[in-house]
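Chains A and B, in that order, are what the protein sequence lines are.
Just so you know, the numbering used here puts 35 at position 35 of the first sequence, and the rest follows in order with no gaps.
Position in the second sequence counted from 1, then plus 325, gives you the numbering used here.
Ideal Cβ placement from N, Cα and C applies to all residues, glycine included.
What follows is a set of notes on a single structure, which appears directly below.
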Amino acid sequence: MTTTQEPPALAIQAASEPSAGPQRPRRKRTPATWVRGGGLSTLLFLLPMLFVFGIFSWSPIVQSLVMSLQKTNLLTPATFVGLDNFANVLADPLLGRAVVNTLYFAGLALVFGFPLPILLAVLMSEVKRGKGLYSALAYLPVVIPPVVAVLLWRFFFDASPNGVFNSILGWVGIPPQSWLQSAETAMPSLVLEATWAAAGGSIIIYLAALLSVPPELYDAAEVDGATVWHKIWHVTLPQLRGVLFIMLILQVIGTAQVFLEPYLFTGGGPNNSTITVLLLIYKYAFQNSLGGNYGEATALSVMLAVVLGILSFLYFTVTNRWSQS
Amino acid sequence: MKSPGKVALAGFSALAIAATLAGCSAGGGSGKLELRVGTFPAGADPAAYEAFEKQEADFEKANPTIDVIGEEYEWKGPTFAVQLAGGSLPDVFTVPFTEAKTLLENGQLADVTKQVEDLGYADKFNPVILEGVQDNDGKIYGFPRQAYAMGLHYNRELFTAAGLDPDKPPTTWDEVRAAAKTISEKTGKAGFATMTFNNTGGWQLTAQTVARGGRTQVDNGDGTYTETIDNEGTKAALQFLHELRWEDNSMGSNFLLDWGTINQEFAAGNVGMYTGGSDVYTALVRDFSTEPDIYGLAVIPNEGDDPGTLGGGDIAVVSPTATEEEKEAGAKWIDYYYMQRLLDEKAAKFDAKTLADSDQAVGTPVLPVLDPETEEQRVGWIEKYINVPRDQMTSFIDNIGTQLPVGEPKGKTQEIYALLDAVVQAVLTDEDADIDALLEQANKDAQAILDAK
Chain A
1 MTTTQEPPAL AIQAASEPSA GPQRPRRKRT PATWVRGGGL STLLFLLPML FVFGIFSWSP
61 IVQSLVMSLQ KTNLLTPATF VGLDNFANVL ADPLLGRAVV NTLYFAGLAL VFGFPLPILL
121 AVLMSEVKRG KGLYSALAYL PVVIPPVVAV LLWRFFFDAS PNGVFNSILG WVGIPPQSWL
181 QSAETAMPSL VLEATWAAAG GSIIIYLAAL LSVPPELYDA AEVDGATVWH KIWHVTLPQL
241 RGVLFIMLIL QVIGTAQVFL EPYLFTGGGP NNSTITVLLL IYKYAFQNSL GGNYGEATAL
301 SVMLAVVLGI LSFLYFTVTN RWSQS
Chain B
326 MKSPGKVALA GFSALAIAAT LAGCSAGGGS GKLELRVGTF PAGADPAAYE AFEKQEADFE
386 KANPTIDVIG EEYEWKGPTF AVQLAGGSLP DVFTVPFTEA KTLLENGQLA DVTKQVEDLG
446 YADKFNPVIL EGVQDNDGKI YGFPRQAYAM GLHYNRELFT AAGLDPDKPP TTWDEVRAAA
506 KTISEKTGKA GFATMTFNNT GGWQLTAQTV ARGGRTQVDN GDGTYTETID NEGTKAALQF
566 LHELRWEDNS MGSNFLLDWG TINQEFAAGN VGMYTGGSDV YTALVRDFST EPDIYGLAVI
626 PNEGDDPGTL GGGDIAVVSP TATEEEKEAG AKWIDYYYMQ RLLDEKAAKF DAKTLADSDQ
686 AVGTPVLPVL DPETEEQRVG WIEKYINVPR DQMTSFIDNI GTQLPVGEPK GKTQEIYALL
746 DAVVQAVLTD EDADIDALLE QANKDAQAIL DAK
């Protein structure tokens with residue numbers, strides 16, 4: 001193995017700038033040169049993947065775009081209705097409620113669910129012995145099938161004084177809470193379960209990212225007399241910035257599509273206090289059990305996808321600017 | 326770099342995938358007409374399969390040109406829509422009454438008027454029930470095969486524990502309230518519970534409305550409907566729930582219950598009384614392990630002007646994609662499998678014996694889909710196989726005949742039930758819920774659903 005003579009940063013720069021260096025007259029690309037250069041075998045090699053990807057990934061997306069402009073029950077011939085489905089969805093009084101609820105869920109999940117895994121990962125990375133055990137314990141909720149987790153948490157959220165949480169509260173003299181049975185507490189309860197269910201996955205990612213932080217930085221900080229808090233603030237978090245940005249946008253997209261918890265715990269109740277956009281989409285498509293509103297369901301899906309797409313674009317633009325500044 | 330090996334590999338993988346995707350082929354034929362019939366719920370008892378085989382063989386002997394293929398099928402809202410759209414439904418299947426009107430309006434059911442008339446019992450059906458499967462021109466789109474009336478289910482054990490007489494269930498709503506309060510105070514369990522979500526809240530509110538003489542929808546007879554959700558019956562029903570919940574605290578602590586969970590709670594002994602279909606005993610014992618001894622059934626109390634009991638049930642239908650030949654065969658099977666057990670002594674006894682042999686309920690009180698005389702005759706035939714504790718259901722059996730059966734609202738039934746779920750939930754979870762305002766809003770929203778094209 002040979003060692004490179006150049007510093008790595010320069011090597012990267014040189015590689016990323018093909019125009020630098022001795023200029024050679026570029027040959028004109030013709031189909032013949034493309035074939036000779038291995039273009040055909042590349043295309044043939046790519047073809048199966050493009051085919052499978054096109055059929056299973058992109059054709060449903062295109063199909064749902066088409067369906068959002070149709071009135072169809074998928075049995076009798078579909079009729080083209082233009083933007084009527086979009087207009088119907090936008091006129092639905094439940095939509096506003098669903099959007100507000102989804103934002104509420106996302107906000108709560110962000111406030112409680114986002115910092116918690118970071119905190120736990122940082123703490124766990126400080127543990128010297130039994131790190132594997134802690135990681136396994138933290139990851140366990142992710143392994144439990146979501147439906148089982150919901151069944152389990154139903155016992156925790158039991159609103160009678162004998163419910164698990166209410167019993168615990170009873171020990172310290174707090175009266176039983178309604179949990180899922182009241183419009184005020186239902187959504188925070190769902191966030192609690194969702195945070196529990198998802199934290200393990202994030203913790204593992206943060207733990208892996210923490211491993212890539214060069215120990216010299218901590219050593220240098222210690223030499224400068226930094227406290228633990230200083231080290232976290234000035235070394236760990238800046239080093240994790242890239243991962244944090246990605247995790248944040250993934251969490252925003254994930255929470256905007258929350259479905260399982262409200263569907264299984266409350267069905268959107270009580271009094272529509274936990275109906276979310278995705279649950280509303282589900283209800284359009286399946287509530288009347290005859291699939292009469294597939295068009296409206298896909299119209300709302302398309303709108304959600306567009307909003308999330310714009311959000312992701314803005315987010316990456318802004319965070320790119322931050323990381324460059 | 327170009328390599329013949331790479332090109333060959335790429336070409337091969339493309340071919341392999343294309344071949345896999347194209348790997349569907351048409352099944353071979355035996356020369357007979359294959360009729361796929363939905364009949365077993367998933368995970369059905371082996372005895373059910375055995376019984377089906379006997380009936381299948383018997384039918385095929387009489388109809389040598391038809392090959393019946395039994396398939397797993399159970400009507401479930403969301404999966405039904407997908408099956409329907411995906412074309413994976415059997416040729417013959419069953420759907421609830423509430424779906425019939427929308428399905429037939431959507432062209433999703435086959436017209437079987439000719440077949441029903443040919444079989445000669447079109448005029449034997451209970452007219453209230455038959456109307457549910459007819460369009461405005463009187464064409465018939467299915468065979469009503471079983472029906473139920475709404476009843477008041479009660480836990481005899483909790484009645485006894487609370488010092489109430491389990492043989493004298495409440496007959497008025499005031500008595501229901503008093504009993505619920507006593508049960509709650511004496512046992513700590515919910516005296517009365519009601520379903521609230523997955524469209525069941527609206528369903529039960531409608532039932533409790535009808536029992537007080539109210540109606541939530543008027544059929545204008547021209548394919549349009551007018552909502553009347555803000556009627557006195559519905560108001561009284563919600564007021565009743567509000568009082569039980571907030572004044573008496575006799576509804577326990579769980580207000581998110583649907584058909585499955587309320588039955589589960591009842592089976593676990595946590596619910597004193599609830600309203601629901603009279604035929605639920607079969608599911609309570611078979612699927613929820615309810616002890617037969619604790620079960621009691623009474624009629625739902627009727628009060629006010631023109632009260633009644635909400636009926637429901639299911640109909641056997643033929644797939645709209647069936648050919649004329651398959652339709653004929655489907656009607657023959659429905660007649661043999663579902664209808665003859667109501668009409669013919671031999672078939673009725675065979676059916677009852679088969680069910681009894683596999684420990685399934687025989688003799689659960691139902692609402693006759695045919696005329697009362699035919700139903701009485703059937704009960705007489707199967708008397709010796711009856712295994713449900715009918716003496717614990719006497720209050721229902723003795724009085725159901727005097728109650729007026731009322732069909733479920735037909736316009737956008739499930740969507741409006743879903744809308745009413747939120748109203749019931751609001752009353753049970755918000756002490757300050759304004760019932761009048763809730764009903765006014767629900768009425769407006771429901772009418773908008775009906776008017777939407």
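Q | Short Cβ contact (8 Å threshold) for B/Trp584 with B/Tyr742 | A | Cβ distance not < 8 Å, so B/Trp584 and B/Tyr742 don't count as in contact.
Q) Which residues in the same chain as A/Ser178 place their Cβ atom closer than 6 Å to its Cβ, once the five residues preceding and following it in sequence are excluded? A) For A/Ser178, same chain residues with a beta-carbon under 6 Å away, outside a window of 5 residues either side, are Ala159 and Thr185 in chain order.
Q: Can you check the segment 470–542 of chain B for any beta strand (DSSP E) of at least 3 residues that lies completely inside it and give the ranges in chain order?
A: Counting only runs of 3 or more, we get 515–517.
Q. Within the 8 Å Cβ cut-off, does A/Ala159 reach chain B?
A. So, interface residue.
**Q.** DSSP-derived helix/strand/coil call for A/Arg129
**A.** Residue state for A/Arg129 is assigned as coil, using DSSP reduced to three classes.
Q. How is A/Ile205 classed by DSSP in three states: helix, strand or coil?
A. Here A/Ile205 sits in helix by DSSP.
Q. In the structure shown, what three-state DSSP assignment does B/Val624 receive?
A. For B/Val624, the three-state secondary structure derived from DSSP is strand.
Q: Output yes if chain A places a C-beta closer than 8 Å to the C-beta of B/Glu572; else output no.
A: Contact with chain A is absent for B/Glu572, since none of that chain's Cβ atoms lies less than 8 Å from the residue's Cβ.
Q: In angstroms with no decimal places, state the Cα-to-Cα distance between B/Asp757 and B/Glu568.
A: One C-alpha to the other measures close to 12 Å.
Q.
Let me confirm a value: A/Trp153 is counted as buried when at least 16 other C-beta atoms fall within 10 Å, else exposed. Which label applies?
A. Here A/Trp153 is buried: its Cβ has 16 or more other Cβ atoms, across all protein chains shown, within 10 Å.
Q: Enumerate in chain order the residues of its own chain whose CB-to-CB distance from B/Ile482 is below 7 Å, with the five nearest sequence positions on each side excluded.
A: It is worth fixing the name first, because residue 482 of chain B is Glu in this sequence and not Ile. Closer than 7 Å at Cβ, skipping near neighbours: Gly594 and Ile619.
Q: Please check if any C-beta of chain B sits within less than 8 Å of the C-beta of A/Pro270.
A: It does: the Cβ of A/Pro270 has a partner Cβ on chain B nearer than 8 Å.
**Q.** Inter-residue Cα distance where the pair is B/Gly488 and B/Arg715
**A.** The alpha-carbon atoms of B/Gly488 and B/Arg715 are separated by roughly 23 Å.
**Q.** Spatial neighbours of A/Val191 in its chain, beta-carbon cut-off 8 Å, leaving aside the 5 residues before and after
**A.** Close CB contacts of A/Val191 within its chain, under the 8 Å cut and outside five residues either way in sequence, are with Phe105, Leu108, Ala109, Phe112 and Gly113 (chain order).
Q: May I have the straight-line CA-CA distance separating B/Glu611 from B/Phe365, to the nearest angstrom?
A: Contrary to the premise, residue 611 of chain B reads as Arg rather than Glu in this sequence. So the two alpha carbons sit approximately 14 Å from each other.
Q) In chain order, what residues of the same chain lie with their CB nearer than 8 Å to the CB of B/Thr754, ignoring the 5 residues before and after it? A) Close CB contacts of B/Thr754 within its chain, under the 8 Å cut and outside five residues either way in sequence, are with Phe580 (chain order).
Q | Chain-order list of residues whose beta-carbon lies under 6 Å from that of B/Val731 (same chain, five-residue window excluded) | A | If we look at B/Val731 and ignore the five residues flanking it on each side, its Cβ neighbours are Val535, Gly633 and Leu635.
Q. Alpha carbon to alpha carbon, what distance is there between B/Val458 and B/Tyr446?
A. CA-CA distance, B/Tyr446 to B/Val458, rounds to 15 Å.
Q) Of all Cβ atoms in chain B, is any one closer than 8 Å to the Cβ of A/Gly267? A) Closer than 8 Å to some Cβ of chain B, the Cβ of A/Gly267 qualifies, so yes.
**Q.** Min CB distance B/Glu740 to chain A below 8 Å
**A.** Any Cβ of chain A closer than 8 Å to the Cβ of B/Glu740 would place that residue at the interface, and such an atom is present.
Q: Flag B/Asp392 as yes when its Cβ comes closer than 7 Å to any non-hydrogen atom of the ligand ADP, and as no otherwise.
A: The model on display carries no ligand, and the ligand ADP is accordingly not part of it.
Q: Write down the C-beta distance between B/Gly524 and B/Gln766 rounded to the nearest angstrom, noting that I regard them as a contact closer than 8 Å.
A: Per the sequence shown, the amino acid found at residue 524 of chain B is Asn instead of Gly. Contact flag wrong, Cβ pair sits at about 18 Å.
(Q) What does the Cβ neighbour count give for B/Glu733, buried or exposed, with the cut at 16 atoms within 10 Å? (A) Burial is judged here by how many other beta carbons sit within 10 angstroms of a residue's own beta carbon; B/Glu733 has at least 16 and is buried.
Q. What span of residues does the beta strand (DSSP E) with B/Phe365 cover, start to end?
A. Going by DSSP, B/Phe365 is part of the beta strand (DSSP E) stretching over Leu358 to Phe365.
Q) Mind checking whether A/Met49 and A/Gly295 have CB atoms under 8 Å apart? A) Taking a C-beta distance under 8 Å as the contact criterion, A/Met49 and A/Gly295 do not qualify as a contact pair.
Q | Buried/exposed call for A/Gly268, threshold 16 Cβ in 10 Å | A | Looking at its Cβ environment, which holds 16 or more other Cβ atoms inside 10 Å, A/Gly268 is buried.
**Q.** Three-state class that DSSP yields for A/Leu137 in the structure shown
**A.** Residue state, collapsed to three classes: helix.
(Q) Is B/Ala761 close to chain A? Criterion is C-beta to C-beta, closer than 8 Å. (A) The amino acid occupying residue 761 of chain B in the given sequence is Asp; Ala does not appear at that position. Judged by the 8 Å Cβ criterion, B/Asp761 is not in contact with chain A.
Q.
Tell me the DSSP secondary structure of B/Ala382 in three-state form.
A. In this structure, B/Ala382 counts as helix in the three-state DSSP scheme.
(Q) Please classify A/Ala14 as buried or exposed, where buried requires at least 16 other C-beta atoms within 10 Å of its C-beta. (A) Low confidence applies here, because A/Ala14 scores a pLDDT of 40, under 50, leaving its location unreliable; read the following figure in that light. Exposed.
Q. Which value, in whole angstroms, describes the spacing of the CA atoms of B/Ala561 and B/Phe517?
A. Rounded to the nearest whole angstrom, the CA to CA distance from B/Ala561 to B/Phe517 is 16 Å.
Q.
Is B/Phe613 close to chain A? Criterion is C-beta to C-beta, closer than 8 Å.
A. Chain A, which has no Cβ nearer than 8 Å to the Cβ of B/Phe613, makes this no.
Q. If we cut at 8 Å on Cβ distances, does B/Asn523 have a partner in chain A?
A. At least one chain A Cβ lies under 8 Å of B/Asn523.
Q: Please confirm whether A/Ala91 and A/Thr276 have their CB atoms less than 8 Å apart.
A: No, the pair does not count as a contact, with Cβ atoms beyond the cut-off.
(Q) When you compare the CB of B/Phe517 with every CB in chain A, is at least one pair closer than 8 Å? (A) Output row for B/Phe517: interface = no.
Q. A/Ser182 versus chain B: which residues are under 7 Å apart at the beta carbon?
A. Against chain B, the beta carbon of A/Ser182 has neighbours under 7 Å at Thr754, listed in chain order.
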